[in-house]
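With the working numbering applied, the sequence shown covers 38 to 108. Just so it is clear, CB atoms sit at the ideal spot from N, CA and C, and this is done for glycine as well. Single-structure report; data block below.
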Amino acid sequence: MYQTKSPEEISWTQKNPATSLRLINQLNIPKDSAIIDVGGGDSKLVDFLLDDGHTNITVLDISAHALALAK
Ligand SMILES: C[S@@+](CC[C@H](N)C(=O)[O-])C[C@H]1O[C@@H](n2cnc3c(N)ncnc32)[C@H](O)[C@@H]1O
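Quick look at the structure:
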């Protein structure tokens, strides 16, 4: 999917992963807490977390293409 389709063509793409961000914010964890997005793909979640000041984020995905896009 990541090799042949743009983010707009993939059904799970969210411009703003609002629910995930709200749930993470509700935890009130320190900004240097370790966060891992398992199956993170090319999601913008990590970008929003970085913008929010989080500094210890890992994205795990089985797709090298997804991780290349995310980088
Ligand atoms: C439905 S997509 C969601 C991607 C991302 N979380 C998002 O919201 O855009 C599922 C993701 O899980 C990844 N995935 C599937 N099986 C996996 C596995 N065994 N280990 C790591 N990632 C996996 C896929 O490559 C894909 O990026």
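- Counting only residues of its own chain and dropping the five nearest sequence neighbours on each side, Leu106 has a CB closer than 7 Å to the CB of Tyr39 and Asp79.
- Given a length threshold of 3 residues, each whole run of the beta strand (DSSP E) inside the stretch 65-95 is given here in chain order: 72-75.
- Setting aside the 5 residues that flank it on each side, Ala71 is surrounded in the same chain by Asn93, each with a C-beta closer than 6 Å to its C-beta; the list follows chain order.
- For Ser70, the shortest C-beta to heavy atom distance toward ligand 1 is 6 Å or greater.
- Between Leu82 and Asp74, the C-beta spacing is below 7 Å.
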